[in-house]
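My numbering puts the first residue of the sequence shown at 1358, with every later residue one more than the last.
Quick reminder that beta carbons are idealized off the backbone N, C-alpha and C, glycines included.
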Amino acid sequence: MALFTLFGHSRAAIPAYPTDTIVARDGRELTFTFFKHAAFAISAGEGRTIYIDPVHTYADYARLPKADLILVTHSHYDHLDRKAIDTLATRTTDIVCDRTSAESFDTNCHVMRPGSIVAPRDWVRIEAVAAYNTTQGHLQFHPKEREDCGYIVTIGGTRIYIAGDTEPTPELLALRNIDIAFLPVNQPYTMTVEQAVQAVKAIRPTIFYPYHYGEVEQPTDLEALTAALEKVTEVRIRPME
1358 MALFTLFGHS RAAIPAYPTD TIVARDGREL TFTFFKHAAF AISAGEGRTI YIDPVHTYAD
1418 YARLPKADLI LVTHSHYDHL DRKAIDTLAT RTTDIVCDRT SAESFDTNCH VMRPGSIVAP
1478 RDWVRIEAVA AYNTTQGHLQ FHPKEREDCG YIVTIGGTRI YIAGDTEPTP ELLALRNIDI
1538 AFLPVNQPYT MTVEQAVQAV KAIRPTIFYP YHYGEVEQPT DLEALTAALE KVTEVRIRPM
1598 E
């Protein structure tokens, strides 16, 4: 029995942005809407919408559905943007963020540290995974001691790993049973193509989305990345530059 069925671009989604729709393990449809850089959304049906690292210059959030949940991986300007969050949030929106980002909010947040688990709604479970640099000369970009977070989002039994800004840490390489993985491939701040290949080969997701690429002088060789993983997983390239 197939893990899930991929429909490609969903005609029911917001037409201005590329989307993919899958069927989760429990039969519900999940739609990914791709904006830019590390910003995207997950729709779990019945008006349930999760936004990841929204930044106001990356999408017209005022025209998009309000957020049930907003996930913030860390405090850098291209991941934490109060203007976008204030546009999307209502009084009932749950904000899930790392401890440094939590300092930017005057409302209650679900403050996450690596290893934290929270289930803010009865249809979603979120686990925090450590996100940091491991390469000498790059450690200052995302220091381990700051406790930035990636997240495993489980909806309908399907486990979606959103790595945030990280290199292949021991915590990442130890992950298992990941259905869909979003891994950053952006030098010098996150992974090289070779590191992304290492990470995917370790965690073996069914589908791998490279994200957080572009906007730097050193372009990401997406063709080389796809070729290196041809027999490992399905690599799905979506425009997020």
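C-alpha gap between residue i and residue j, whole angstroms
i       : j       : result
Phe1397 : Thr1430 : 13 Å
Lys1588 : Thr1447 : 44 Å
Asn1465 : Ala1459 : 8 Å
Thr1549 : Asn1543 : 7 Å
Ala1424 : Thr1449 : 9 Å
Arg1593 : Lys1393 : 15 Å
Pro1596 : Pro1477 : 30 Å
Ala1373 : His1413 : 15 Å
Glu1551 : Arg1420 : 38 Å
Pro1541 : Ala1488 : 11 Å
Ala1359 : Ile1379 : Bear in mind that the predicted position of Ala1359 carries a pLDDT of just 43, short of 50, making it too unreliable to give a figure here.
Arg1503 : Tyr1568 : 22 Å
Thr1590 : Pro1422 : 32 Å
His1433 : Arg1439 : 12 Å
N-terminal and C-terminal residue of the beta strand (DSSP E) that residue i is part of
i       : result
His1387 : A quick correction: the sequence has Leu, not His, at residue 1387. It spans Glu1386 to Lys1393 - the beta strand (DSSP E) in which Leu1387 sits, taken as one unbroken run.
Ile1517 : Thr1515 to Ile1519
Glu1484 : Val1481 to Ala1487
When the options are compared against residue i, the one with the closest alpha-carbon
i       : options                               : result
Asn1534 : Pro1525, Trp1480, Thr1526 and Ile1560 : Ile1560
Gln1555 : Asp1455, Thr1583 and Ile1409          : Thr1583
Pro1527 : Thr1491, His1499 and Tyr1508          : Thr1491
Ile1509 : Glu1524, Leu1496 and Val1481          : Val1481
Pro1576 : Ala1476, Ala1373, Pro1477 and Pro1545 : Pro1545
Leu1586 : Ile1564, Pro1596, Arg1595 and His1569 : Ile1564
Ile1409 : Ala1419, Asp1435 and Glu1580          : Asp1435
His1499 : Ala1553, Asp1455 and Phe1389          : Asp1455
Gly1507 : Thr1378, Gly1513, Tyr1518 and Gly1514 : Tyr1518
Ile1537 : Glu1504, Leu1579, Gly1514 and Asp1505 : Gly1514
Met1469 : Phe1462, Ser1461 and Glu1484          : Glu1484
Leu1437 : Phe1391, Thr1406, Arg1405 and Phe1462 : Phe1462
Ala1520 : Leu1428, Ser1400 and Thr1457          : Leu1428
Ala1381 : Lys1440, Gly1402 and Phe1539          : Gly1402
Per DSSP, the bridge partner or partners of residue i
i       : result
Val1380 : Glu1386
His1467 : Val1453
Tyr1568 : Pro1541
Thr1406 : Ser1400
Leu1428 : Ile1409 and Val1453
Gly1494 : Gly1494 is not bridged to any residue.
Ile1512 : Thr1515
Glu1591 : Ile1564
Residue i, enclosing alpha helix (DSSP H) - first and last residue
i       : result
Ser1473 : Note, Ser1473: premise wrong, no alpha helix (DSSP H); not H, not E.
Thr1583 : Leu1579 to Ala1585
Pro1562 : From DSSP, Pro1562 is part of no alpha helix (DSSP H); its letter is neither H nor E.
Thr1444 : Arg1439 to Leu1445
Pro1527 : Pro1527 to Leu1530
Open item on the list: Under 8 Å, with one C-beta from each stretch per pair, do the region 1494-1506 and the region 1378-1391 reach the 3-pair mark?
Closed with: Result no; under three Cβ-Cβ pairs closer than 8 Å.
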